[in-house]
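Q: Okay, handing you the structure first.
2 protein chains.
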Amino acid sequence: MVTLEDVAKLANVSTMTVSKVLRGTGAISKQTRTRVFEAADKLGYVPNRLAGSLSARKSMLVAVLIPSIADTVYAEIISSLHSLLDQASLSIFIAESLMDPEVEERQIQELLSLRPAFLVRSGGIASTQRTKMLLQRFGVPHIQIWDGDDPQGQATVGPSHIEAGKIAASHFLELGLRKVAYIGAETHKDICASRRMESFIGDMTAAGAETRVLTEPDLPRQAESGELLTHRLLEDGLQVDGIFYLNDAMAIGGLRFLLKAGLRVPEDVRVMGFNGTSREQTINTRLTTISTNGHALGQTVAKTILENIGGQLPTSRTLCPVTLDLGNTT
Amino acid sequence: MVTLEDVAKLANVSTMTVSKVLRGTGAISKQTRTRVFEAADKLGYVPNRLAGSLSARKSMLVAVLIPSIADTVYAEIISSLHSLLDQASLSIFIAESLMDPEVEERQIQELLSLRPAFLVRSGGIASTQRTKMLLQRFGVPHIQIWDGDDPQGQATVGPSHIEAGKIAASHFLELGLRKVAYIGAETHKDICASRRMESFIGDMTAAGAETRVLTEPDLPRQAESGELLTHRLLEDGLQVDGIFYLNDAMAIGGLRFLLKAGLRVPEDVRVMGFNGTSREQTINTRLTTISTNGHALGQTVAKTILENIGGQLPTSRTLCPVTLDLGNTT
DNA sequence: TTATTATGTGTTATCGATAACAAAATGGAT
DNA sequence: ATCCATTTTGTTATCGATAACACATAATAA
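Quick mapping for you: the protein sequence lines, in order, are chains G and B. Count along the first sequence from 1, add 28, and you get the number used in the numbering used here. Count along the second sequence from 1, add 28, and you get the number used in the numbering used here.
Laid out in structure tokens, this is it:
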């Protein structure tokens, strides 16, 4: 393995000089610079950032902890985050918390063991006491994303799920709906979803509408679950004129079932999703949904990181806009 | 920051003893073990893996380079990879190549600077000469995924895109189609897509069918592009009875356009996608598609890594199955 | 010419762990 | 009590860089 020293020997300078040249710090004459570059190039030298970070007591790593990489929302955020951080030579490493506080704790420990410069962590789950202590003790600049309503991190970037619920409610109310349902899954773990549900149900109830909540723990948040729960809702003989789903996938499953059951959407029942991830995928139906812009969120996070790298990350809160995307299901 | 030494002092032993206890190596008496654990616990010690890896000359890092994190296929692979590697305390860090050989080269360099134990890299693009040299020189165990037809890595895991194209062709031929088109995008960069296209067109032509290829560089591989290119195809006045799309998103866009244009699917035109990512998302239409199992792929990769960690990664090739998912568009 | 700055370049200590080997403690067996 | 084999613990060197400062060398001023 080629080291700084090998390059130094070939270029006939000290390792320190090579280090300076390669990082562009310090004052090195043009000739030695080219000599060093040539040597490094000839040897195919790739710096060892493990050693570098250890020595400099600062790393170029950004740790990201999200519930699931396979979830489009987070994937989009990370992708956008990556593309900006990349320009600053910051590497991203990721872990999944699966919405489980215990897992989150373990993962954060793993992540911290790499001594990242920043920790980007999805909020929305009830972190354990130990997790909070760890974060505090380590003093890593810590950005919480997704749960914009809860300013836990030093910086918080995310949509307000309370607002999302309000938007759904006000839209349903404008349409004059009087009997509505919320259909979700795993509500006990997902604080963000709970916020949407509560503010939605709260507003609807306050306006005198009849409400119903259907959730079931340990149900994957997929189309089939939407179908299942919608099926259950209808079985109960309940007549609803609007359903707000946990996410788009479940809304689509629900739609599937409603149409199969002979109901007309939006004439008989109106349907609203959350997340806007399905806009791309549907053919005739454009789901009415409340969407957040993952790309923008990622950008904001990246900007926050780049602006504060090396310094103190100030406490701040950025609320990302949530917008109502009118489709043809309401 | 708490170090090994702090723990050692508190437990009244040497750092080496602490190191051994925490890693479970060497023979340490039960009492010192508990003493060390208690001390570590009290101090909230989290090992510094930068230092550890540097010292042990081996890291617990797995580098992953894929075209795009936001792409469902890859996200699924990484997610499944993560969940297995996690059990072995292997951390994943990722980078996007954007299907650009230059970017790939830069990213690989960044990734190698962390001295990963394994490099998982998506094939399907034409790597630069320097990239190949780097990989060889570094001798990192290197697993190529996605392009199962091209055994470039020490281990290759992926579907055969040639087979995928053949499956599409044979299905179309069984249905008696005589005039078919392939609609794609960015074909010059994406070798995998090219393989599908070529084997599809090859087989169709060999069977005497009339074929047409419509691709355009620098077009995002999204629904809109599918709409656009399908529009263009129809404009040309060409009558086709089957279209094979680059991926599901584009197929869905295509479908959207075909239906808008008053064509019946599958009666007038048959449509086939690739990837099976949309099964979840559609409501009435189940797109006929050729799908690969990203989860299984990730598992295979993880297994390969876990089995060969610390040792030599033997050259191997695992072809992942591609299956025809019959929907109602053919 | 000598003193005084800049401008380059090199020295030494250090970061936080682990490997490899060395030393001490323990426990029978004689 | 002595010795050898185990079991347990500690020492020293090292991994590959960087920080901080020290030392040359060249450029400018007095």
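No residue lacks a Cβ here, since even glycine has one placed at the ideal position from N, Cα and C.
#1: Is it right to say Arg284 of chain G is buried, meaning 16 or more other beta carbons lie within 10 angstroms of its own, or is it exposed?
#2: According to DSSP, what are the bridge partners of Cys348 of chain G?
#3: Determine, for Val299 of chain B, whether the minimum Cβ-Cβ distance to residues of chain G falls below 7 Å.
#4: What are the start and end residues of the beta strand (DSSP E) that includes Glu252 of chain B?
#5: Measure the alpha-carbon distance for Ile106 of chain B versus Glu124 of chain G and round it to whole angstroms.
#6: Spatial neighbours of His110 of chain G within its chain, please: C-beta separation below 6 Å, excluding the five flanking residues on both sides.
#7: How about Leu38 of chain G and Ala67 of chain G: are their beta carbons less than 7 Å apart?
#8: Could you give the DSSP three-state label for Arg223 of chain B: helix, strand or coil?
#9: Report the rounded CA-to-CA distance for Val350 of chain G versus Pro187 of chain G, giving the unit in angstroms.
#10: Return the residue from the list G:Leu291, G:Ser344, G:Asn275 that minimises the CA-CA distance to Thr317 of chain G.
#11: What three-state label does DSSP hand Ser155 of chain B in the structure shown?
#12: At a CB-CB cut-off below 8 Å, which residues of chain B make contact with Thr328 of chain G?
#13: Can you name the residues of chain B whose CB is closer than 8 Å to the CB of His110 of chain G?
#14: Following the continuous alpha helix (DSSP H) through Leu50 of chain B, name the residue where it begins and the one where it ends.
#15: Kindly list, in the order they appear in chain G, the residues whose Cβ is closer than 8 Å to that of Ser117 of chain B.
#16: Return the chain-ordered list of same chain residues with a C-beta closer than 6 Å to the C-beta of Glu214 of chain B, the five sequence neighbours on each side being excluded.
#17: Output yes if chain G places a C-beta closer than 7 Å to the C-beta of Ser212 of chain B; else output no.
#18: For Thr239 of chain B and Ile171 of chain B, I'd like the C-alpha separation in whole angstroms.
#19: Per DSSP, Ile240 of chain G is paired with what?
#20: For Gly301 of chain G, name the three-state secondary structure that DSSP assigns.
#21: What first and last residue would you give for the beta strand (DSSP E) that runs through Gln12 of chain B?
#22: Any beta carbon of chain G sitting closer than 7 Å to that of Ser306 of chain B?
#23: Counting pairs of Cβ atoms below 8 Å between the region 220-235 of chain B and the region 177-197 of chain B, do you hit three or more?
#24: Report, in whole angstroms, the separation of the C-beta atoms of Leu352 of chain B and His259 of chain B, which I expect to be a contact under 8 Å.
#25: Can you find a CB in chain B that lies within less than 7 Å of the CB of Val293 of chain G?
#26: Which residues of chain B have a Cβ atom closer than 9 Å to the Cβ of Gln250 of chain G, listed in chain order?
#27: Residues in the same chain with beta-carbon distance under 6 Å from Leu147 of chain B, minus the five sequence neighbours each way, listed in chain order, please.
#28: Thinking C-alpha only, which one of B:Gln135, B:Ser227, B:Pro129 is nearest Gly152 of chain B?
#29: Check whether the region 319-334 of chain B touches the region 254-273 of chain B, taking contact to mean three or more Cβ pairs, one atom from each stretch, closer than 8 Å.
#30: Can you give the beta carbon distance from Thr310 of chain G to Ile271 of chain B, rounded, assuming they're within the 8 Å contact cut?
#31: The region 128-162 of chain B: which residues have C-beta closer than 8 Å to a C-beta of chain G, in chain order?
#32: At the level of alpha carbons, what is the spacing between Ser253 of chain G and Val35 of chain B?
#33: Interface residues of chain G around Ala103 of chain B at Cβ under 7 Å?
#34: Sort out for me which residues DSSP pairs Glu124 of chain B with in a bridge.
#35: Check the Cβ of Thr31 of chain G against every Cβ in chain B and list those closer than 9 Å, keeping chain order.
#36: Inspect the CB distances between the region 79-87 of chain B and the region 130-150 of chain B and report whether three or more fall short of 8 Å.
A: On the basis of the coordinates in this document:
#1: Its Cβ being crowded by 16 or more others within 10 Å, Arg284 of chain G is buried.
#2: Beta-bridge analysis with DSSP links Cys348 of chain G to G:Pro187.
#3: For Val299 of chain B, not one C-beta of chain G is nearer than 7 Å to its own C-beta.
#4: Careful: Glu252 of chain B lies outside any beta strand (DSSP E), inside the alpha helix (DSSP H) at 251-263.
#5: Each residue's Cα considered, the two are about 10 Å apart.
#6: Hits under 6 Å: Ile120.
#7: Between Leu38 of chain G and Ala67 of chain G, the C-beta gap is smaller than 7 Å, which places the two residues in contact.
#8: Arg223 of chain B sits in a helix when the DSSP states are folded into three classes.
#9: If I take the Cα positions, the gap works out to 6 Å.
#10: Minimum Cα distance to Thr317 of chain G is reached at G:Asn275.
#11: Of the three classes helix, strand and coil, the one that applies to Ser155 of chain B here is coil, per DSSP.
#12: Under the 8 Å cutoff, chain B gives no residues; its nearest Cβ is about 17 Å from Thr328 of chain G.
#13: The answer, in chain order, is Ile97, Ile122, Ala123, Glu124.
#14: Element bounds for Leu50 of chain B: 43-51.
#15: In chain order: Glu138.
#16: Sequence-distant partners of Glu214 of chain B (beyond 5 residues in either direction) whose C-beta falls short of 6 Å from its own C-beta, in its chain, are Pro245.
#17: Per the sequence shown, the amino acid found at residue 212 of chain B is Gly instead of Ser. Residue-level contact check: Gly212 of chain B does not touch chain G, since none of the beta carbons of chain G fall below 7 Å from its beta carbon.
#18: Computed Cα separation, rounded: 36 Å.
#19: A small correction: the amino acid at residue 240 of chain G is Arg; Ile does not occupy that position in the sequence shown. Under DSSP, the beta-bridge partners assigned to Arg240 of chain G are G:Ala209.
#20: Reduced to three states, the DSSP call for Gly301 of chain G is strand.
#21: Any question about residue 12 of chain B goes unanswered here, given that chain B covers just 29 to 358.
#22: With respect to chain G, the C-beta atom of Ser306 of chain B has a partner C-beta closer than 7 Å.
#23: Verdict: yes, contact present.
#24: Actually they are not in contact, since the Cβ atoms of Leu352 of chain B and His259 of chain B sit about 27 Å apart, beyond 8 Å.
#25: Interface with chain B (7 Å Cβ-Cβ cutoff): Val293 of chain G is excluded.
#26: Under the 9 Å cutoff, chain B gives Glu308.
#27: Ala91, Val168, His170, listed in sequence order.
#28: Cα-wise, what sits closest to Gly152 of chain B is B:Pro129.
#29: Short answer: they don't touch.
#30: Wrong, their Cβ atoms sit about 19 Å apart, outside the cutoff.
#31: Those residues of the region 128-162 of chain B that come within reach of chain G (Cβ to Cβ, closer than 8 Å) are Gln135, Gln137, Glu138, Leu139, Leu140, Ser141, Leu142, Arg143, Met161, Leu162.
#32: Linking Ser253 of chain G to Val35 of chain B through their CA atoms gives a straight-line distance of about 49 Å.
#33: Here the neighbours are Ile97, Ala98, Ala103.
#34: Per DSSP, B:Ile94.
#35: Those within 9 Å of Thr31 of chain G in chain B number zero; the least Cβ separation is about 12 Å.
#36: The region 79-87 of chain B, when compared against the region 130-150 of chain B, does touch it at the 8 Å Cβ threshold.
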